[in-house]
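Take a look at the structure below.
Number of protein chains: 2
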Amino acid sequence: MDALRGFGELGLGSRLKRVSEFVMKETQIVYDHFNIDFDPYLFPIFKIISNKDGVTNSEIQNSLQFSQPAITQALNKLNNKGLIIYKTDKEDKRKKIIYLSNKGQITLETLKPLWINIDKVIKEYTLESSSSLIEHLNALENKLNKKSFSKTIIDNIKMEVVQEIKIINYKNEYAKDFYKLNVEWLKTFFVVEPYDEEVLSKPETYIVNKGGHIFFAKLNNEIVGTVALMPIGNEGLFELTKMAVSPNHRGFKIGQKLMQYCIDFAKNEMKLPKLILYSNTKLENAIYIYRKYGFIEIPIQENSPYKRSDIKMELVF
Amino acid sequence: MDALRGFGELGLGSRLKRVSEFVMKETQIVYDHFNIDFDPYLFPIFKIISNKDGVTNSEIQNSLQFSQPAITQALNKLNNKGLIIYKTDKEDKRKKIIYLSNKGQITLETLKPLWINIDKVIKEYTLESSSSLIEHLNALENKLNKKSFSKTIIDNIKMEVVQEIKIINYKNEYAKDFYKLNVEWLKTFFVVEPYDEEVLSKPETYIVNKGGHIFFAKLNNEIVGTVALMPIGNEGLFELTKMAVSPNHRGFKIGQKLMQYCIDFAKNEMKLPKLILYSNTKLENAIYIYRKYGFIEIPIQENSPYKRSDIKMELVF
DNA sequence: TACATTTACATAAGTGCTTATATAAATACA
DNA sequence: TGTATTTATATAAGCACTTATGTAAATGTA
Numbered sequence: 001m002d003a004l005r006g007f008g009e010l011g012l013g014s015r016l017k018r019v020s021e022f023v024m025k026e027t028q029i030v031y032d033h034f035n036i037d038f039d040p041y042l043f044p045i046f047k048i049i050s051n052k053d054g055v056t057n058s059e060i061q062n063s064l065q066f067s068q069p070a071i072t073q074a075l076n077k078l079n080n081k082g083l084i085i086y087k088t089d090k091e092d093k094r095k096k097i098i099y100l101s102n103k104g105q106i107t108l109e110t111l112k113p114l115w116i117n118i119d120k121v122i123k124e125y126t127l128e129s130s131s132s133l134i135e136h137l138n139a140l141e142n143k144l145n146k147k148s149f150s151k152t153i154i155d156n157i158k159m160e161v162v163q164e165i166k167i168i169n170y171k172n173e174y175a176k177d178f179y180k181l182n183v184e185w186l187k188t189f190f191v192v193e194p195y196d197e198e199v200l201s202k203p204e205t206y207i208v209n210k211g212g213h214i215f216f217a218k219l220n221n222e223i224v225g226t227v228a229l230m231p232i233g234n235e236g237l238f239e240l241t242k243m244a245v246s247p248n249h250r251g252f253k254i255g256q257k258l259m260q261y262c263i264d265f266a267k268n269e270m271k272l273p274k275l276i277l278y279s280n281t282k283l284e285n286a287i288y289i290y291r292k293y294g295f296i297e298i299p300i301q302e303n304s305p306y307k308r309s310d311i312k313m314e315l316v317f
Numbered sequence: 001m002d003a004l005r006g007f008g009e010l011g012l013g014s015r016l017k018r019v020s021e022f023v024m025k026e027t028q029i030v031y032d033h034f035n036i037d038f039d040p041y042l043f044p045i046f047k048i049i050s051n052k053d054g055v056t057n058s059e060i061q062n063s064l065q066f067s068q069p070a071i072t073q074a075l076n077k078l079n080n081k082g083l084i085i086y087k088t089d090k091e092d093k094r095k096k097i098i099y100l101s102n103k104g105q106i107t108l109e110t111l112k113p114l115w116i117n118i119d120k121v122i123k124e125y126t127l128e129s130s131s132s133l134i135e136h137l138n139a140l141e142n143k144l145n146k147k148s149f150s151k152t153i154i155d156n157i158k159m160e161v162v163q164e165i166k167i168i169n170y171k172n173e174y175a176k177d178f179y180k181l182n183v184e185w186l187k188t189f190f191v192v193e194p195y196d197e198e199v200l201s202k203p204e205t206y207i208v209n210k211g212g213h214i215f216f217a218k219l220n221n222e223i224v225g226t227v228a229l230m231p232i233g234n235e236g237l238f239e240l241t242k243m244a245v246s247p248n249h250r251g252f253k254i255g256q257k258l259m260q261y262c263i264d265f266a267k268n269e270m271k272l273p274k275l276i277l278y279s280n281t282k283l284e285n286a287i288y289i290y291r292k293y294g295f296i297e298i299p300i301q302e303n304s305p306y307k308r309s310d311i312k313m314e315l316v317f
């Protein structure tokens, strides 16, 4: 079937190229999956720039052994993406010294955990003793065919993220995160009504001071998700609401982690008999999750508190 | 220095690409050195065509896992070089069945010994046990930096060729080779005079029947070089002359092999006391070789037999 | 048997490299 | 101190691929 493999050492050149292209393409999938505007071929140059505090085109060329125009072209790409800035050397006006821009710094921080995991997975695929390079390439290609490289990396990263997520209580300093996350979410699916504005901008007044609770999912000092338990009326009825996850961090099951925490808290700490929530049937995924955690649909009253809600659910402990 | 190496497994993609490109480029040098109009990237496709008796574009694509346009484009290149021919399938008129052309067959035969040696040298560079792919690439790149890959292959091939060269006696069937090789050589450096034409087209009359000898260097059924011992006058004086090597086979020391054989023959078989030769001082390399084999410059007579000669040399046994 | 789908190959345009060459500043040298 | 050489970077064009799409023949299906 695979002729190239049959050629043995003779096809080494084409073989290396094929594996290289495969690895690059899979890495691209990883970057794309996490919505990072970055290309695998830019990695060596970007890494060098981030390692040193100011480098020139020719310095990069020396450490990479690519052609000088290749460096210039890649730098143009990085510049177009806004990841680097140029400063002309004062001593030697031919030189352009290259630094990471602010956006570059931020991208670097997002890339770092990916790189750690890419490195880890490549090691997983390639740390194996063999008696020849071709044999090694055979083993690697076998593994790549058997188990998706990009998926393995993505799963690793997600697992890591999930482990690092901490659920924490409301503090004043998180008020703006609470607002931002919820407004972002509302804008995506509905419209932000005046009452939303009011509640979301004063969470302390409307939720915490009324005996409610707000929780946050924190990942490396960044608030990436939130949820609230808000009292309804005066009979000890609580609503699970204001759940939102940062768009850059969807797919990590952060919402489910928040929900689990919320349910446990309501049941064990607050000793509530039940929880209710309002949602909309067009949010199929959300409703699926609610059901998964035991919520059951109940009749919705005529004048429900939210215009956008057309379904009411209940979880009895 | 080498940043890419410093990145470890993380830079695997770029790393593989770099090594691939290096190997390809070095292989190109080998093909160029032997004046073969062929590119390393065409190898996989050309090899598949030569292995099977008639293949289609899509069959090649299946066995190589390249994109279909990549195959079409490479086939166009092979077709432009005249190495393949297309025949439309009679059953299915969409299909173009691909065969090697006559030229393709010949090129294949010239390539085969190169491929054997390329394979051998790559094995030499890569048959080494290591515990990870990166480690293996490190070892390979170290070797590639230390010892020229292309030169090693070329040297291997030359050695093999030299071993396969046989020096044989004159036969009628070689008359045309004798003519062709000498005229080719004369045209390069001088002009072919009427007397040359006469002697070269009738070697039997002018050399063999007069007690002279003609020797040929034969490589795989091909005559690639010649030299003659021609009598001068009637006093048993012999001239080493008509030495020529095929342009495609220069650099294999075929000339030296012919010369050594000639000298040994003159000394041991013909029991000659000495040999003379005429040459031209502008042929510096030739004269260097003559000196190396013991020829010493002697005064040249006024009316030397060749207009083009300005130096006469002698080897006394 | 007609028409939609699939298959085989070709073409077009884009990408990340390459080599060759241009441009402008710095340095060497007479 | 002026001019040639070297150095740093940019631009242009080519190359071996890619993806997207086109074209024509064969096949499946109603």
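As they're listed, the protein sequences go chains F and P. One point on numbering: in the working numbering, the residue at position 12 of the first sequence is 12, and numbering is uninterrupted. One point on numbering: in the working numbering, the residue at position 221 of the second sequence is 221, and numbering is uninterrupted. The beta-carbon is built from N, C-alpha and C at its ideal position, and this holds for glycine as well.
Simplified DSSP assignment, three categories, for residue i
i: Glu128 (chain P); result: coil
i: Ile300 (chain F); result: coil
i: Thr152 (chain F); result: helix
i: Met159 (chain F); result: helix
i: Pro231 (chain P); result: strand
i: Lys271 (chain P); result: coil
i: Ser279 (chain F); result: strand
i: Val55 (chain F); result: strand
i: Glu221 (chain P); result: Just to set this straight, residue 221 (chain P) is Asn in the shown sequence, not Glu. Here Asn221 (chain P) sits in coil by DSSP.
i: Met1 (chain P); result: coil
i: Leu186 (chain P); result: helix
Sequence-distant residues of the same chain with beta carbon closer than 7 angstroms to residue i, five excluded per side
i: Ser246 (chain F); result: Leu181, Val224 and Gly225
i: Lys274 (chain P); result: Glu314, Leu315, Val316 and Phe317
i: Arg321 (chain P); result: Any question about residue 321 (chain P) goes unanswered here, given that chain P covers just 1 to 317.
Chain P contact for residue i (CB, 8 angstroms cutoff)
i: Pro231 (chain F); result: no
i: Pro113 (chain F); result: no
i: His136 (chain F); result: yes
i: Gln65 (chain F); result: yes
i: Ser129 (chain F); result: yes
i: Lys17 (chain F); result: yes
Sub-8 angstroms separation of residue i and residue j beta-carbons
i: Thr107 (chain F); j: Leu137 (chain F); result: no
i: Ile122 (chain F); j: Tyr99 (chain F); result: no
i: Phe295 (chain P); j: Leu315 (chain P); result: yes
i: Phe238 (chain F); j: Ile167 (chain F); result: no
i: Gly211 (chain F); j: Ala228 (chain F); result: no
i: Tyr31 (chain P); j: Phe22 (chain P); result: no
i: Gly8 (chain P); j: Ile134 (chain P); result: yes
i: Ala3 (chain P); j: Pro44 (chain F); result: yes
i: Leu42 (chain P); j: Leu78 (chain P); result: yes
Beta-carbon proximity list for residue i, same chain, < 6 angstroms, skipping 5 on both sides
i: Tyr306 (chain F); result: Tyr278
i: Met24 (chain F); result: Pro40
i: Tyr179 (chain F); result: Leu200 and Ser201
i: Lys52 (chain P); result: none
i: Thr27 (chain P); result: Pro40
Inter-residue spacing [alpha-carbon to alpha-carbon] between residue i and residue j
i: Lys96 (chain P); j: Tyr170 (chain P); result: 48 angstroms
i: Asn220 (chain P); j: Gln105 (chain P); result: 15 angstroms
i: Tyr293 (chain P); j: Ala139 (chain F); result: 55 angstroms
i: Glu141 (chain F); j: Ser129 (chain P); result: 18 angstroms
i: Phe317 (chain P); j: Ile276 (chain P); result: 11 angstroms
i: Ile36 (chain F); j: Pro40 (chain P); result: 36 angstroms
i: Leu283 (chain F); j: Gly255 (chain F); result: 14 angstroms
i: Lys290 (chain P); j: Cys262 (chain P); result: Reading off the sequence, residue 290 (chain P) comes out as Tyr, not Lys. Cα-Cα distance, rounded: 12 angstroms.
i: Lys151 (chain F); j: Lys242 (chain F); result: 31 angstroms
i: Asp89 (chain P); j: Met1 (chain F); result: 23 angstroms
i: Glu124 (chain F); j: Asn248 (chain F); result: 27 angstroms
Within-8 angstroms CB hit, residue i to chain F
i: Ile97 (chain P); result: no
i: Met159 (chain P); result: no
i: Asp32 (chain P); result: no
i: Ser20 (chain P); result: yes
i: Pro40 (chain P); result: yes
i: Glu9 (chain P); result: yes
i: Met243 (chain P); result: no
i: Ile48 (chain P); result: yes
Neighbourhood of residue i by C-beta distance below 8 angstroms, restricted to the same chain and skipping five residues each side
i: Asp196 (chain F); result: Asn182, Val183 and Leu186
i: Val55 (chain F); result: Ile48, Ile49, Ile97 and Ile98
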